[in-house]
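Okay, structure coming up:
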């Protein structure tokens, strides 16, 4: 839902954004992906407004690491405040999925990164249901699978980019849910361009 709040690339009118959310629901969509950094938190706010009446029927995935204020902060101590701010914008008291938003590989490594411990605490408290990483490369997905208890990953994959594909059987074995990002290659595979 990054384009819901980005007038340069998507929608600038609040009513139009809410109509898109409603049309998505009517078409059967029940999964919504957003992040604090999308439109300075505006994407989360619009989704929160558009989904509040159906909250229990939808899956909301948001991210951690890039703030609504435009800063980057992957420190473990910043996770809880970031998620509390996201939940306020999304008008919910829990998050279905939280992903670290393309962190460095060191932060993906569960052997050395303290972020995963914090996610486990939040999961035990019922604040989040699942956590993981948004990433771009097979090696990164394998690192997360091998070193953490992550149960979700957002992976770059489409007809033109399939570098992550060889790691999918391992993810399936582990029961990790995969979220595909850039499935239409930013519009190039949508038929919009010739």
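In the numbering used here, the protein residues as written are 4 to 197. We treat Cβ as the ideally placed atom computed from N, Cα and C, and that holds for glycine. Here the structure is a predicted model, which is why all the values come from computation and not from measurement.
In terms of residues, what are the limits of the alpha helix (DSSP H) holding residue i?
| i | result |
| --- | --- |
| residue 122 | 118-127 |
| residue 150 | 141-150 |
| residue 51 | 45-54 |
| residue 134 | It is not in any alpha helix (DSSP H) - residue 134 instead sits in the beta strand (DSSP E) that spans 131-138. |
| residue 17 | 17-29 |
If I'm right that residue i touches residue j with Cβ under 8 Å, what's the distance once you round it to whole angstroms?
| i | j | result |
| --- | --- | --- |
| residue 77 | residue 110 | 5 Å |
| residue 177 | residue 148 | 6 Å |
| residue 39 | residue 4 | Between residue 4 and residue 39 the Cβ distance is about 12 Å, and since that is not below 8 Å, they are no contact. |
Among the options, whose alpha-carbon lies nearest the alpha-carbon of residue i?
| i | options | result |
| --- | --- | --- |
| residue 156 | 162, 21, 163, 184 | 184 |
| residue 63 | 89, 45, 71, 34 | 34 |
| residue 112 | 91, 90, 136, 92 | 136 |
| residue 117 | 182, 82, 15, 104 | 82 |
| residue 124 | 79, 90, 68, 92 | 79 |
| residue 73 | 42, 28, 18, 27 | 42 |
task: Examine the Cβ distances between the segment 96-116 and the segment 131-150 and report whether three or more of them are shorter than 8 Å.
output: yes
message: Runs of 4 residues minimum, wholly inside the segment 32-118: which ones carry the alpha helix (DSSP H) assignment?
response: 45-54, 82-93, 108-111
Given 8 Å, three or more beta-carbon pairs between the segment 155-169 and the segment 117-129: no
Cβ pair count under 8 Å reaching 3, the segment 166-175 against the segment 188-197: no
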